[in-house]
Structure formats: structure tokens, C-alpha cells
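For what it's worth, full-length UniProt numbering labels the leading residue of the sequence shown as 1, then goes sequentially.
All C-beta atoms, glycine included, are put in the ideal place defined by N, C-alpha and C.
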Amino acid sequence: MKNAYIIDAIRTPFGRYAGGLAPVRADDLGAVPIKALMQRNPNVDWEQVDDVIYGCANQAGEDNRNVGRMSALLAGLPYQVPATTINRLCGSSLDAIAIAARAIKAGEANLVIAGGVESMSRAPYVMGKSDSAFGRSQKIEDTTMGWRFINPKLKELYGVDTMPQTAENVAEQFNINRADQDQFALVSQQRTASAQAKGFFSKEIVAVEIPQRKGDAVVIDTDEHPRAS
């Protein structure tokens, strides 16, 4: 069995909800690291890529219909290179990397691009079609958070708690108090801020340029999440 190796790793900055990256479509955002990967490795024959595997949890708006394929084409990969999108919700991108590694180990592929893309800032509201003429049962669903168009049987069996509600349930189940959570979060934020200041992420982050109607493009080159105090 062959070994699988990660030969390069590139990402865009992590953005806040409705933050600096909000104007960028998910498929355009997904193209940024692939394009940077190609520029950073000019000696690679990109026609030899066996697959592009992208993870995406929402897939309800501009990221629908195989956003991995759309991102690959927008990045300039040859159209002959196949691409797919997988969904394991919050673990989608890591699962994409695992699938790529397994394909290489099994001898099904030699070179794979794996990663993911998500833009909850651009997740749409959706409304299902009526199941009868002039029906009044339609409702608008926010795809940013939670389950939509739920099968009533699954709702009855498992409930419909959102991720924040699930976090509260897990904290209660495992006796994780608020003070411990806050302390863990603070230390995590402080470590991230320290790593940023030392340039720890500089080699892996590629800046995203956002054209403006007037003036120079806005450049997002730093993670927006850390709050060290």
C-alpha cells in the first residue's frame, strides 16, 4: 500500500459572519486557494490531477450543484480534471482530505486536491413548493443554521436542535460549566492572537482581493475571528 503525503497547504483567511469576505461568492472563494496552489507549484502538471474533492456543509445557494467542480473551473484547472463535493456537515473538509488519502493509498489516484469551502454569510432563505394548488403551508427556512425541510419521522425520533442548542445539551450532559468554557475559549483566542503576531499562519494564508466599485480592491489577508481580550 502506498503512503499519502500532503505536499502543500493553502487557505483563505477565516471570515466573520457578514464580515469582510461576505461579498465573495462561495465558488469564487473556493477557487482562490486552488489558483494559489497552482501558482505556488509551477512545476506540477495540473492536467495530471486525478480528482478535486471539496467538502461543503450547506450547499443551499451559490454553493449548490457541485461547488468543488465550479471552484476548480474558476481557478483555471483543466476542464478534464474531475471534481466532486461531499457533505459530512461540519467535518466535510477534513473528510475530503481523508477520502483523498484513502484513494492514493488504494492506488486509485496519485495526485488529488482536497479541501473545502463555506460561506454562511451568503446562505439563502429558501421556501419549498406547495404540495397542493393554492396551498398555504409553505414557510421560509433560513439555511444558515439548523435543519430545513425536515422529515417528520426524523423530527420525532431525533428532534431539531441547532448547533448552539446542541452545545448547551452537551455541556449539561458532560457537566461542563460556563467558567471552564470561558477559560478554554479565552486561552484559545490568546494563543491564536500570539500565533498571528509571530506570523505563524503567513505561509498558509492567501489573501482575498475584493474589487470595489470605486477605488482600490479591499484585501482580506488575516483571520477575522480572534478576540484575545
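- Counting along the chain, I53 sits inside the beta strand (DSSP E) bounded by residues D51 to G55.
- Assignment of G135 by DSSP, reduced to helix, strand and coil, places it in the coil class.
- T85 sits in a strand when the DSSP states are folded into three classes.
- Looking at the DSSP output, E141 sits in a beta bridge with V126.
- Annotation for E168: no residue places its beta carbon closer than 8 Å to its own, counting only its chain and skipping 5 residues before and after.
- In the pairwise beta carbon analysis, the region 124-137 is classified as not touching the region 96-114: fewer than three pairs are separated by under 8 Å.
- Ranked by Cα distance from P211, the options D131, E204 and V219 are led by V219.
- Secondary structure of V24 (DSSP, three-state): coil.
- Cβ contact annotation for I99 (same chain, cutoff 8 Å, sequence separation greater than five): I53, I86 and A114, in chain order.
- With a contact defined as Cβ atoms closer than 8 Å, D223 and Q190 miss out at about 14 Å.
- Assignment of I10 by DSSP, reduced to helix, strand and coil, places it in the coil class.
- Take P226, set aside five residues on each side of it, and the residues of its chain with a beta-carbon closer than 6 Å to its own are Q189, T192 and A193, in chain order.
- Using a Cβ distance threshold of 9 Å, G55 and R102 do not count as a contacting pair.
- In this model, G20 and M1 are separated by some 44 Å (Cα to Cα).
- Annotated as distal: P13 and V187, with beta-carbon spacing of 9 Å or more.
- In this structure, A18 sits near S121, with a CB-CB distance shorter than 9 Å.
- Looking at the DSSP output, I210 bridges to V218.
- Of R69, V44, A36 and E62, the smallest CA-CA separation from D51 is found for R69.
- Taking T84 as the centre and dropping the five residues before and after it, the same chain places the C-beta of D51, V52, I53, Y54, N66, G68 and R69 closer than 8 Å to its C-beta, in chain order.
- For the pair S71 and L37, the CB atoms are not nearer than the 9 Å cut-off.
- Looking at P78, A4, M163 and C90, the one whose alpha-carbon comes closest to that of V44 is P78.
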